[in-house]
Each structure stands twice: as C-alpha cells, then as structure tokens.
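J.: Got a structure for you, questions after.
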Amino acid sequence: MASTTLELNGLNFNLTEEHMAVRDAARDFAQNELLPGVIERDSQAKFPTEQVRRMGELGFLGMMVSPDYGGGGMDTVSYVIAMEEISRVDASSSVIMSVNNSLVCWGLEMFGTEAQKQNYLTRLATGEVIGAFCLSEPEAGSDATSQHTTATDQGDHYLLNGTKNWITNGGSAAVYLVMAQTDAEKRHRGINCLIVEKDQPGFVVGKKEDKLGIRASDTHSLMFTDVKVPKENRIGDDGFGFKFAMSTLNGGRIGIAAQALGIAAGAYELALAYAQERKSFGKKIFEHQAIQFKLAEMATKIEAARLLVYKAARLKDEHKDYVQAAAMAKLFASDVAMWATTEAVQIHGGYGYVKEFHVERMMRDAKITQIYEGTSEIQKLVIARELVK
Ligand code: CAA
1 MASTTLELNG LNFNLTEEHM AVRDAARDFA QNELLPGVIE RDSQAKFPTE QVRRMGELGF
61 LGMMVSPDYG GGGMDTVSYV IAMEEISRVD ASSSVIMSVN NSLVCWGLEM FGTEAQKQNY
121 LTRLATGEVI GAFCLSEPEA GSDATSQHTT ATDQGDHYLL NGTKNWITNG GSAAVYLVMA
181 QTDAEKRHRG INCLIVEKDQ PGFVVGKKED KLGIRASDTH SLMFTDVKVP KENRIGDDGF
241 GFKFAMSTLN GGRIGIAAQA LGIAAGAYEL ALAYAQERKS FGKKIFEHQA IQFKLAEMAT
301 KIEAARLLVY KAARLKDEHK DYVQAAAMAK LFASDVAMWA TTEAVQIHGG YGYVKEFHVE
361 RMMRDAKITQ IYEGTSEIQK LVIARELVK
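All residue numbers for the sequence shown refer to this note's numbering, where the first residue is 1 and numbers rise by one.
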C-alpha cells in the first residue's frame, strides 16, 4: 500500500534514525495493539485502560519530558510522528496521549517547581497516572479569560470552587491542572493554575459526555466545592495561570494538528486500498477518474498538512516563535481531516456508512479537531494577530 509518510531527509527536515524508530514503534503499536477492538471501544464508549497502560510502558505518555523525570527526552518532531501514527488508527487513544504529553507534562516541566516535578511529573511521564488540563467552563470555551471558577486566597492555601466542562481524561486522570480566578479585578492576570489531586475532599467528577467522536476517551465535567489546595500547588507566580494556559496550548495545538493529520492519513490509506479492490462498471473504482481525482487531492492536502505540522514542531524544537505556525498547522490539518474523512466515506459508498469499515468513525473523530484546543475560528484569530505583531 502506498504510504503518505514523507521521507523528509533531503528536504532539510533532518529526520534522524531515532525519528524513524519512533515512527516504526508507534506504527507497530497502533496496528497490533490499538486496531484490535477499536470499533468496539468506540461503539461502547469504553476507555482504553489496557492500551493507555501500554502507551505508558512504551514511553508514549511522556515523550518530551527529560529522562531526569522519567520521560523519553525526545523532541517535538518525534512526538508529532508518534501522534500521527497512533491517530491513523485510534484518535481516542491519541487524544489521551496528547493531553498528557503537551498540556500536562510539558506545562509542568516548563513552569513547575522542582518539588512539583518530583511529586507529579515523574508519575505522569511514565504513565503511572495520567493528567487532565482544566480550562473550559460552561460559559468559558473560546472566551477563556472569562473564568468563573474561583481560587480564593486563604493564606497558605486556596479554596477552589466552580465547574469545569468537557475535560479530556476527566474521569481517568489522577492529577488535574485547574485554571481559576483569584483576583477578578485583575481579569486574566488574576488567574492561577492549581495542581489538584482527584481524592481531594470537595472534588467531584461529573457525568461522562456521550460524544459524536473520540468516544473511547473520557470527557467529563468536574465540580469543585471548597477544595483546599495548598499554595505550593500553584504553578508559577500569583496570576500566571492564564499565561500558563495559553503557552501550554500553543504546543498542544501542534499535537492536535498531528492528530488531525493522522486521522486524515488513516482514512486516505483505507480509501486508497478500497479503491483498488472494489469494482464498478467493469473495473476497479480507482480506474475511474472521479475517484482518482479525490485520492490525488487527498494525498496532496495531507502532504501539505504534514509539512505545516513538521514546521511547527521544528520551530518549537529550535526555540523559535511557533505560535502562528502551530495555529496554522491546526487550522489546516483539522480542515483536511474533516474533508478527507468525508471523501473517504464517499469513496467507500454504502460500506463507508457502516462501522466495520472504520472511515465513518474517522469522520466523526475528525470533527473535534476543529473544535478543541481552540476552534478553527480561534486559530484564525491567533494567526491574524500574529500577522500584525
Ligand atoms: N500565547 C501566549 N500568550 C497568549 C496567547 C498565546 N497564544 N494568546 C493570548 N496570550 C496572552 C496575551 O499576551 C495576554 O496576556 P497579557 O495581557 O499579560 O499580555 C493574555 O493572554 C490575554 O490575551 P488577549 O488580551 O488577547 O485575550 P482575548 O480574550 O482577546 O483572547 C484568546 C484570548 C486567544 C481568544 C484565548 O482566550 C484563547 O486562546 N481561547 C481559546 C481557548 C482554548 O484553546 N481552549 C482549549 C481548551 S483545552 C482543550 O481543548 C483540551 C482538550 O480537551 C483536548
């Protein structure tokens, strides 16, 4: 089967043997351990407990974390390569991986204290526990500065009150990074990020959302009533919480762009294979130009998305400004994912509309990539602001 994976050596992407080894390991894991049961996990909305445990064992949950804290010490390019491969097969598992890597581990390593890293990061990076990133609220999705959850300063601790919505890993996490307003007068500069553990009194995990796609991941609302959080669990200085969330999301968006790329590439490969098997009007449907044109356009847009994803990852690795590149990668790759999966269903015809052929799941999974970690509209806003910076 033709692969859409670019051998990017020679195009100044300098992919190393290590990158290729990551790709092979992620591909093997996806084919051998994620593919079996992926349809059942989706239809039953069953969290992939065993598969997540294996991701931890294989080092996919703390890829970029320093080995000093139990991580793989890899670069962002390795991470997007693994995200693409895993997302080709199972986007539910890849969002669990993405949140743990880029929203939780990265933020903790970058901005946490040594004690926070020792207490939390080591366990998160190895997959002993997984984490959740809690920014969205019933009335604060795109308008993220509008936080209603409060963290009231009580001297040596905060009292946390409020509700978070649509939290990935909401039920399965043990460690939560929770954004909350301490000083409303300071608006977004009065927001703090607190590390909250699941067993803290007053913390209740709400109902699991019944979703259109990524159904095997668990998405919950969370309720906090007078949860006592010690001051040493605040990340960064007083009022750093919103900056923390935005900085973390810049990198998170590269992960979701890679997820979208993987979903698109997975659907494309299934459609290409099907087009070479299925016959109509006396020939393989691939021999009909109508189908060839679809596949040609899919392959082209997927390559373009991959280049944007790799560019953003490379900029981050080179410590250059990647805010706009990450937003462009997510905007473009998520649109490609939605479009390419819809075309893959079309190429499969009636078979594409039933569960056993995978592409209908991929089409449902693709939709969220245009919504979470900043909607496509928010990505355009980020890109536009950077144009005139
Ligand atoms: N990087 C770093 N800092 C940023 C930033 C960025 N991309 N965007 C904004 N900021 C900073 C600004 O510099 C500003 O700080 P200062 O005042 O100290 O300079 C502060 O944040 C507020 O910015 P704005 O004044 O521009 O605020 P705004 O309200 O006009 O716009 C926004 C903010 C960009 C729209 C922001 O609210 C946003 O990104 N919204 C989308 C939220 C989002 O992505 N949510 C995802 C939830 S998590 C998730 O989805 C995980 C999952 O399930 C998988």
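Note that beta-carbon positions come from the ideal geometry of N, C-alpha and C, so glycine has one too.
Determine whether the beta carbon atoms of residue 120 and residue 229 lie at a separation below 7 Å.
T.: no
J.: Using alpha carbons as the reference points, say which of 321, 349, 360 lies closest to residue 402.
T.: Outside the shown range of the chain (1 to 389) lies residue 402, about which nothing can therefore be said.
J.: Between residue 2 and the rest of its own chain, which residues show a CB-CB distance below 6 Å, the 5 nearest in sequence each way excluded?
T.: Interpretation of residue 2 is limited by its pLDDT of 41, a score under 50 that renders its predicted location unreliable; the figure taken from the coordinates is listed afterwards. So no residue of the chain qualifies.
J.: For the segment 227 to 243 against the segment 48 to 68, do three or more pairs of beta-carbon atoms, one drawn from each stretch, fall closer than 8 Å, so that the two count as touching?
T.: no
J.: Note down, in chain order, each residue of its chain lying with its Cβ closer than 6 Å to the Cβ of residue 209, except the 5 sequence neighbours on either side.
T.: 219
J.: For residue 135, tell me which candidate among 127, 147, 48, 128 has the shortest Cα-Cα distance.
T.: 147
J.: When DSSP labels each residue in this structure, what does residue 180 get in the three-state scheme?
T.: strand
J.: Measuring CB to CB, does residue 178 end up less than 7 Å from residue 203?
T.: no
J.: Give me, in chain order, the residues of the same chain whose beta-carbon lies closer than 6 Å to that of residue 322; leave out the 5 immediate sequence neighbours on both sides.
T.: 312, 315, 316
J.: Taking residue 195 as part of the beta strand (DSSP E), name the residues at either end of that continuous run.
T.: 191 to 197
J.: Take residue 341 and list the residues in its own chain whose beta-carbon comes closer than 8 Å to its own, dropping the five residues that flank it on each side.
T.: The residues are 263, 264, 267, 359, 362, 363, 365, 366.
J.: Just curious, the alpha helix (DSSP H) that residue 316 is in, first and last residue?
T.: 289 to 317 is the extent of the alpha helix (DSSP H) around residue 316.
J.: Under 8 Å Cβ to Cβ from residue 200, same chain only, skipping five residues before and after it: list those, please.
T.: 227, 228, 229.
J.: Kindly indicate which three-state DSSP category residue 148 falls into: helix, strand or coil?
T.: Residue 148 falls in the coil class under three-state DSSP.
J.: Report yes if the C-beta distance between residue 205 and residue 261 is below 7 Å; otherwise report no.
T.: no
J.: Do three or more CB pairs link the segment 80 to 98 to the segment 29 to 40 at distances below 8 Å?
T.: With a cut-off of 8 Å, the segment 29 to 40 and the segment 80 to 98 count as touching, because enough Cβ pairs lie within range.
J.: Helix, strand or coil for residue 232 per DSSP?
T.: helix
J.: Any heavy atom of the ligand NAD inside 6 Å of the beta-carbon of residue 323?
T.: The ligand NAD is not among the ligands present in this structure, which contains only the ligand CAA.
J.: When the distance is taken between beta carbons, is residue 45 closer than 7 Å to residue 253?
T.: no
J.: Counting only runs of 3+ residues fully inside the segment 82 to 149, write out the beta strand (DSSP E) ranges in chain order.
T.: 131 to 134
J.: Given that a residue counts as buried once 16 or more other Cβ atoms are within 10 Å of its Cβ, and exposed if not, what is residue 97?
T.: buried
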